[in-house]
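Numbering (full-length UniProt numbering), first residue to last: 1 to 132.
For reference, the structure discussed in these notes is given below.
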């Protein structure tokens, strides 16, 4: 029997201000924490997987399929596979969120300190999810 896997997201975010950090990867889903600096963004993208984002602290803007919505602590946004989206930090503090991908989207254990590093590793094919 597997042991309980437990995270306190605020504590995980305080440990390291990495842009993206994979906390856990399962066969069907993946848990990732992100810290977007003031004025920063995830970057417009489209995934082939479903994504659920939950905002832990900060304020931002969700841009999904041409619609814009303000987001803040305690809110959750669902981004179905194939949907163009971007999330921007519009506040003075880091925008911290966790996201669940189904199936996994990133390499197991990946840590990307900056958006630039994340983009580069994706372009180089070094951020691929585990094969099922």
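In this text, a Cβ means the ideal position worked out from N, Cα and C, and glycines have one as well.
From a predicted model like this one, the values you see are computed outputs, not experimental measurements.
Item, Value
"The stretch 105–113 touching the stretch 71–88, judged by at least three CB pairs closer than 8 Å", "no"
"Alpha-carbon to alpha-carbon, residue 37 and residue 129", "25 Å"
"Backbone secondary structure at residue 115 - three-state DSSP", "helix"
"Beta-bridge pairing of residue 21 - partner residues as DSSP gives them", "33 and 111"
"Buried or exposed by the 16-neighbour rule on C-beta atoms within 10 Å, applied to residue 149", "This structure cannot speak to residue 149, because the chain is shown only from 1 to 132."
"In DSSP terms, what residue 69 is bridged to", "62"
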